[in-house]
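In what follows, a structure is listed as structure tokens, so that the remarks can point back to it.
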């Protein structure tokens, strides 16, 4: 029995595979960052690393949520939503970073480096899941009448 694959199902399946691929690796990266920065900078390093990691994971999850929400839309709208999501996350990160500067107790390097490491790992895992996904190979059925 053959299953009919629509664009919506393919995108939602890909988002699910990306989530499964990134969540544990991203959480492990945050845990490693938290341990390293606790040793190097104490409690301010720990708190800053956890905040940076949480922000990075939140941004990755927003991307996957956006994929799920826009999967049924035409491809042009998906591209607009992806670009809008990228800009929105960029603005959100800038605003959060500006607000966090008002808390001098946080270790800036711990926050920034843990966030950067988590974003790199999450992005790598998303790309890896996308490449391994069978959803990338779709041969449309031809309807001959």
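Numbering (our numbering), first residue to last: 45 to 189. Just so you know, even glycine gets a beta-carbon here, dropped at the ideal spot from N, CA and C. The model shown is predicted, which means the values in this text are computed figures rather than measured ones.
Let's test the definition: count the other Cβ atoms within 10 Å of the Cβ of residue i and tell me whether it reaches 16, buried, or not, exposed.
i           : result
residue 52  : exposed
residue 48  : exposed
residue 45  : Its pLDDT being 43, under 50, residue 45 is placed unreliably in this model, and the value from its coordinates should be taken loosely. By the 10 Å Cβ count, residue 45 comes out exposed.
residue 65  : buried
residue 169 : buried
residue 128 : exposed
residue 143 : exposed
residue 107 : buried
Report back the beta-carbon spacing between residue i and residue j to the nearest angstrom; my notes put them in contact at under 8 Å.
i           : j           : result
residue 159 : residue 96  : 4 Å
residue 103 : residue 146 : Not a contact, Cβ separation roughly 21 Å.
residue 56  : residue 98  : Actually they do not touch by this definition, with Cβ atoms about 25 Å apart.
Nearest to residue i by alpha carbon, out of the options?
i           : options            : result
residue 113 : 104, 103, 125      : 125
residue 111 : 76, 156, 142, 62   : 62
residue 87  : 177, 176, 174, 154 : 154
residue 74  : 115, 106, 156, 172 : 156
- Residue ranges of each alpha helix (DSSP H) run of no fewer than 4 residues wholly in the stretch 52 to 116, ordered along the chain? DSSP runs (the alpha helix (DSSP H)) wholly in the stretch 52 to 116: 87 to 114.
- Query: Fully enclosed by the stretch 109 to 173, which alpha helix (DSSP H) runs are 4 residues long or longer?
  - Reply: Complete alpha helix (DSSP H) runs here, min 4: 119 to 144.
- Using 8 Å as the Cβ pair cut-off and three pairs as the minimum, do the stretch 162 to 170 and the stretch 69 to 87 touch? Between the stretch 162 to 170 and the stretch 69 to 87, the count of C-beta pairs closer than 8 Å reaches three or more; the two stretches touch.
- Item | Contact the stretch 75 to 92 vs the stretch 138 to 157: 3+ CB pairs below 8 Å | Short answer: they touch.
- Spell out a yes or no on whether the stretch 130 to 143 and the stretch 77 to 85 are touching, meaning 3 or more CB-CB pairs, one atom from each, closer than 8 Å. Between the stretch 130 to 143 and the stretch 77 to 85, the count of C-beta pairs closer than 8 Å stays below three; the two stretches do not touch.
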